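K.L.:
Residue numbers (UniProt numbering), protein chains in the order written: chain F, 1 to 199; chain S, 1 to 199.
All C-beta atoms in this analysis are idealised placements derived from N, C-alpha and C, irrespective of residue type, glycine included.
Just so we're clear, the structure is a prediction, and the values are computed from it rather than from any experiment.
#1: Just grab the DSSP bridge partners of residue 170 of chain S for me.
#2: Determine the DSSP secondary structure at residue 99 of chain S, reduced to helix, strand or coil.
#3: Whole angstroms are fine: how far does the CA of residue 138 of chain S sit from the CA of residue 163 of chain S?
#4: Leaving out five residues on either side along the sequence, give the residues of the same chain with a beta carbon under 6 Å from the beta carbon of residue 176 of chain F.
#5: Are the stretch 92–103 of chain S and the stretch 116–134 of chain S touching, with three or more C-beta to C-beta distances below 8 Å?
#6: For residue 171 of chain S, which residues of its own chain have a beta-carbon under 6 Å away from its beta-carbon, when the five flanking residues on both sides are left out?
#7: Looking at the secondary structure, which residues open and close the alpha helix (DSSP H) in which residue 27 of chain F lies?
#8: Just reading off the alpha helix (DSSP H) that residue 125 of chain F is part of, what are its end residues?
#9: Give the secondary structure of residue 190 of chain S by DSSP, where H, G and I count as helix, E and B as strand, and everything else as coil.
#10: Identify whether residue 65 of chain S lies in helix, strand or coil by the three-state DSSP scheme.
#11: With a CB to CB cut of under 7 Å and the five nearest residues on each side skipped, what residues in its chain are close to residue 26 of chain F?
#12: Any idea what DSSP makes of residue 118 of chain S, helix, strand or coil?
#13: Starting from the C-beta of residue 141 of chain F, find all residues in its chain whose C-beta is less than 6 Å away, skip the five residues before and the five after it, and write them out in chain order.
#14: Does the Cβ-Cβ distance between residue 72 of chain F and residue 104 of chain F come in under 9 Å?
#15: Can you tell me whether residue 3 of chain F is buried or exposed, with buried defined as 16 or more other CB within 10 angstroms of its CB?
#16: Go ahead and pull the three-state DSSP assignment for residue 15 of chain F.
#17: If we count Cβ pairs, one from each stretch, closer than 8 Å, do we get three or more for the stretch 78–95 of chain F versus the stretch 107–116 of chain F?
#18: Please list the residues of the UniProt domain "Toprim" (81–176) of chain S that have a C-beta atom closer than 7 Å to any C-beta atom in chain F, keeping them in chain order.
#19: Check whether the Cβ atoms of residue 21 of chain F and residue 48 of chain S sit closer than 9 Å, and answer yes or no.
#20: Would you check if the stretch 53–70 of chain S and the stretch 32–40 of chain S touch, i.e. whether three or more CB-CB distances between them fall below 8 Å?
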C-alpha cells in the first residue's frame, strides 16, 4: 500500500475519475489537500456535502439551483418574452458570464439522438412548447452547440414551433473574437463569409 | 449569480485553487459532481472528511499515515539497514510504486534554501542523523530531485554523515527508460556519457 491508507487510495481513485483528471493529477491534489487538512480540505468536504444535499433542478427551466425555482426564473427584472434554449447547465453558465442575455432560459439536458434513443420527451421539449404558450414568449433563441446533434435538435425545435407565432433565432456563426483566420477550420470561414455584413 | 447558488460558487472557487486546476476545469468538475450528487459527490465529501481527520505524519519518517507509525516503518518484512531520503511524500509514493526499494524512508518535507530561510532543523536533518545511529543504518540513499536545491541538500547531508561509517549513495543519473537522445537536455546527455558502463 504505497499511498498512506485505504481511505487515501479510495480518495485518489475517486478524484482520478473526475473529468479532466487522472491518477497523477489526483495524487497531486490529494497530497496538496492533506497538507491543508485543517483548512481547505475540511472546507471542501463541507461544501461538497452541502451542495450535494441542496442542489436540484429548477422546476421551470432545469437550471441547477438550491430552491424550487431558480434565481433566474424568479428574477422580476428579467424579460419574460425571450427564452434561450441551451443543451446543458454549463452552457447557461457560459451565457450568464457573458452578461449579454437578460431573458429566461430552458435547459434541455442533452440533444436528440436516435442512437442513444433520446427523443423530444426526454429533453422536455413538450414542456418548452407549453412554457412558450403560457409565458407569452415572443422569441426563442436556440443557443445549441454547432455540432451535428446540436443542429439536429435546433431544427427539430424550429419545426415544432413553425405553426406558432414565436420568432425562432439561432446564434450567429462566424470568426470568434480574437480568432486568427489561419487557425480556423474551413467550415467556420465559409460560414463567416456567407454571413458577411457591411461595415 | 451565474452559477446556481452561493455554495456552488464557493465550491467552484475552492476547487479552482487546487494544483493543476482553474476556473474552467473547476466548473466542469462541479457540474459533473452535481449530476452525480447522490453517489459520487456524497462519497467524495465523506472520504475527504475522513482523510482530513485521520491523516497525520508518521512520527518516525514523516510519511502520511492514519496511525502514529506508518505501514512502511512498522512493516517487519522491510530491511532496517537502509534509509531512503526523499524531499516529500509524493516522492516516497513514486518510489513505492516502482517496487524497487524494500528499506525504510525519511521524508525531509522540503529542501535547504537560504532564500526561504529553511535550515537543516526545519527539514528534520538532526532527526535523520539520530535515526541512522539508533537504527543501525548501513546505507543512506539520497533520492532527492536533480535540481539545484535538491543537490545542495544532498551535499549537505552527505557532508554531515562523512564522519560516520554509513555509506551515502545517490540515484544514478542518465537517459530515462524509453527516452530519446534527441529530446534530452545537454546536461543529462553529458551525465549519462560520463557515467557510461560496459555492456
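P.N.:
The short version:
#1: Position 170 of the second chain, counted from the start, is the residue given in the question as residue 170 of chain S. Under DSSP, residue 170 of chain S shares a beta bridge with S:142.
#2: Locating residue 99 of chain S in the second chain gives position 99, where the first residue counts as 1. DSSP places residue 99 of chain S in coil when its eight states are reduced to three.
#3: Start at 1 with the first residue of the second chain, and residue 163 of chain S comes out as number 163. Start at 1 with the first residue of the second chain, and residue 138 of chain S comes out as number 138. Rounded to whole angstroms, residue 163 of chain S and residue 138 of chain S show a C-alpha spacing of 13 Å.
#4: Counted from its first residue, the first chain places residue 176 of chain F at position 176. Contacts found: none.
#5: Here the stretch 92–103 of chain S makes no contact with the stretch 116–134 of chain S; the two share fewer than three CB pairs at distances below 8 Å.
#6: Residue 171 of chain S sits at position 171 when you count from the first residue of the second chain. Excluding the 5 residues flanking it on each side, residue 171 of chain S has same chain C-beta neighbours closer than 6 Å at 143, in chain order.
#7: Here residue 27 of chain F is taken as the residue at index 27 of the first chain, counted from 1. Per DSSP, residue 27 of chain F belongs to the alpha helix (DSSP H) from 23–35.
#8: Taking the first residue of the first chain as 1, we reach residue 125 of chain F at position 125. It spans 125–134 - the alpha helix (DSSP H) in which residue 125 of chain F sits, taken as one unbroken run.
#9: Position 190 of the second chain holds residue 190 of chain S. When DSSP states are grouped into helix, strand and coil, residue 190 of chain S belongs to the helix group.
#10: If you number the second chain from 1, residue 65 of chain S lands on position 65. It is a strand residue.
#11: Within the first chain, numbered from 1, the residue matching residue 26 of chain F stands at position 26. Non-local C-beta neighbours of residue 26 of chain F in its own chain, meaning closer than 7 Å and more than five positions away in sequence, comprise 12, 15 and 16, ordered along the chain.
#12: The residue labelled residue 118 of chain S in the question sits at position 118 within the second chain. Judged by DSSP in its simplified three-state form, residue 118 of chain S adopts strand.
#13: Against the first chain, residue 141 of chain F aligns to sequence position 141. In chain order, 84 and 169 place their CB closer than 6 Å to the CB of residue 141 of chain F, counting only its own chain and leaving out the 5 sequence neighbours on each side.
#14: Against the first chain, residue 72 of chain F aligns to sequence position 72. Against the first chain, residue 104 of chain F aligns to sequence position 104. Going by C-beta atoms, residue 72 of chain F is nearer than 9 Å to residue 104 of chain F.
#15: The count along the first chain starts at 1 and reaches residue 3 of chain F at position 3. With 16 or more other Cβ atoms within 10 Å, it is buried.
#16: Residue 15 of chain F sits at position 15 when you count from the first residue of the first chain. Three-state result, residue 15 of chain F: helix.
#17: Below 8 Å, enough C-beta pairs join the stretch 78–95 of chain F and the stretch 107–116 of chain F to call them touching: three or more.
#18: So the close ones are 89, 90, 93, 96 and 97.
#19: Here residue 21 of chain F is taken as the residue at index 21 of the first chain, counted from 1. Here residue 48 of chain S is taken as the residue at index 48 of the second chain, counted from 1. Not a contact, by the Cβ cut-off of 9 Å.
#20: Cβ pair count under 8 Å is below three, so no.
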